[in-house]
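The structure appears right after this line, and notes come after that.
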Amino acid sequence: MQGTYDCQIWVKICGIADIETAQAAVRCGASAIGFVFAEKSPRRVSPETARRISNSLPRGIEKVGVFVDEDPGKVAQIAGFCGLDLVQLHGRESPEYCRALGLPVIKAFRVRDARGARDLDVEDPAEIMERYAAVTNVARFLLDTYVAGNPGGTGRSFDWAVAASLVARARRPVILAGGLTPENVARAISIARPFGVDVSSGVESNGRKDAGLIRLFLENANSGEGELPI
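In terms of the working numbering, the sequence shown opens at residue 48 and continues consecutively.
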């Protein structure tokens, strides 16, 4: 499902760990803030930290929690405690898992490389995305780069033409992730034509979020090259 915008694309700044960075992202025009709860991630935050940041955000900014194959009860507990609007699932959570969770879900899929749409890490991308689209609370899809043993946040990109083919067939809005930076985001949007984009390492310097890179990323994401027709 291609994005349809009159000016701005949806942008999530992920891996936020402090109030100052979250507020800087909002001032720059971010649509959403992402908190990572996956245990093995270097960007992991505690629910208490995420709650403090969440409570500091203005209305209209979506708060997203990132999980990987977590116990659904724990996901629901953290989502409620932190006031999350969506949960982003980066593991092998099944459609049944998503349905039972009962929360608005962004389901992530990992794309291998440029050899074609079948390089998603499932047998048939179109078929599997259809299965998730049948779950009413799966609100959006996210496409990230496949790296063996790593569920996401690798800083590596994949062929955006492959993403475009999946975006066109998806029955949910699609978010593009994987190796996006201020330098390439406008081009990525113009090729893949997603609903939104998701960035973490691409706006970091020395492993920390950089307010200047966040501002530049948002400016370029909404530049003329990245605009989509109504």
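Don't be surprised by glycine CBs; every beta carbon is placed ideally from N, CA and C.
Legend entry - Nearest neighbour of Leu131, chosen from Ala97, Ser141, Gly138 and Ala239 [CA to CA]: Ala97
Inset, instruction - Have a look at Val152 and Ala233 and give me their C-alpha separation to the nearest angstrom. - result: C-alpha of Val152 to C-alpha of Ala233: approximately 26 Å in a straight line.
Inset, instruction - Would you check if the region 202-215 and the region 224-232 touch, i.e. whether three or more CB-CB distances between them fall below 8 Å? - result: yes
Inset, instruction - Quick one: using the 10 Å Cβ neighbour count with 16 as the cut-off for buried, is Lys59 buried or exposed? - result: buried
Legend entry - Minimum length 3: unbroken beta strand (DSSP E) runs contained in the region 89-176: 109-114, 133-136 and 152-158
Legend entry - Backbone CA spacing between Ile80 and Val158 [nearest angstrom]: 23 Å
Legend entry - Contact check, Ala85 vs His137, beta carbons under 8 Å: yes
Inset, instruction - Assign Gly249 to one of three DSSP states: helix, strand, or coil. - result: helix
Inset, instruction - Measure the CB-CB distance between Cys61 and Ser247 and report whether it falls below 8 Å. - result: yes
Inset, instruction - Within its chain, find whatever has a CB closer than 7 Å to the CB of Thr192; leave out the 5 residues flanking it on each side and keep chain order. - result: Arg157, Val158, Thr201, Arg203, Ser204, Phe205, Gly225 and Gly226
Inset, instruction - Go through its chain and collect everything with a Cβ distance to Ile261's Cβ below 7 Å, but skip five positions before and after it. - result: Ile60, Ala71, Ala72, Cys75 and Val250
Legend entry - Local Cβ density within 10 Å of Arg219, reported as buried at 16 or more and exposed below that: buried
Inset, instruction - Please report the residue range of the alpha helix (DSSP H) in which Thr68 lies. - result: Ile66 to Cys75
Legend entry - Outcome for Asn267 when other beta-carbon atoms lying within 10 angstroms are tallied against a minimum of 16: buried
Inset, instruction - Compare the beta carbon distance of Ala210 and Met176 with 8 Å and say whether it is the shorter of the two. - result: Not in contact: Ala210 and Met176 (Cβ atoms no closer than 8 Å).
Legend entry - Range covered by the beta strand (DSSP E) that runs through Val232: Premise fails: Val232 lies in the alpha helix (DSSP H), Val232 to Ala239, not in any beta strand (DSSP E).
Legend entry - Residue burial classification, Gly254 (beta-carbon count within 10 angstroms, cutoff 16): Exposed, because fewer than 16 other Cβ atoms sit within 10 Å of the Cβ of Gly254.
Inset, instruction - Along the alpha helix (DSSP H) that carries Gly81, what are the first and last residues, could you check? - result: Premise fails: Gly81 lies in the beta strand (DSSP E), Ala79 to Val83, not in any alpha helix (DSSP H).
Legend entry - Contacting residues, own chain, Cβ-Cβ under 6 Å from Ser78 (five flanking each side not counted): Trp57 and Val58
Inset, instruction - Going by DSSP, name the residue or residues bridged to Phe188. - result: Lys154 and Val221
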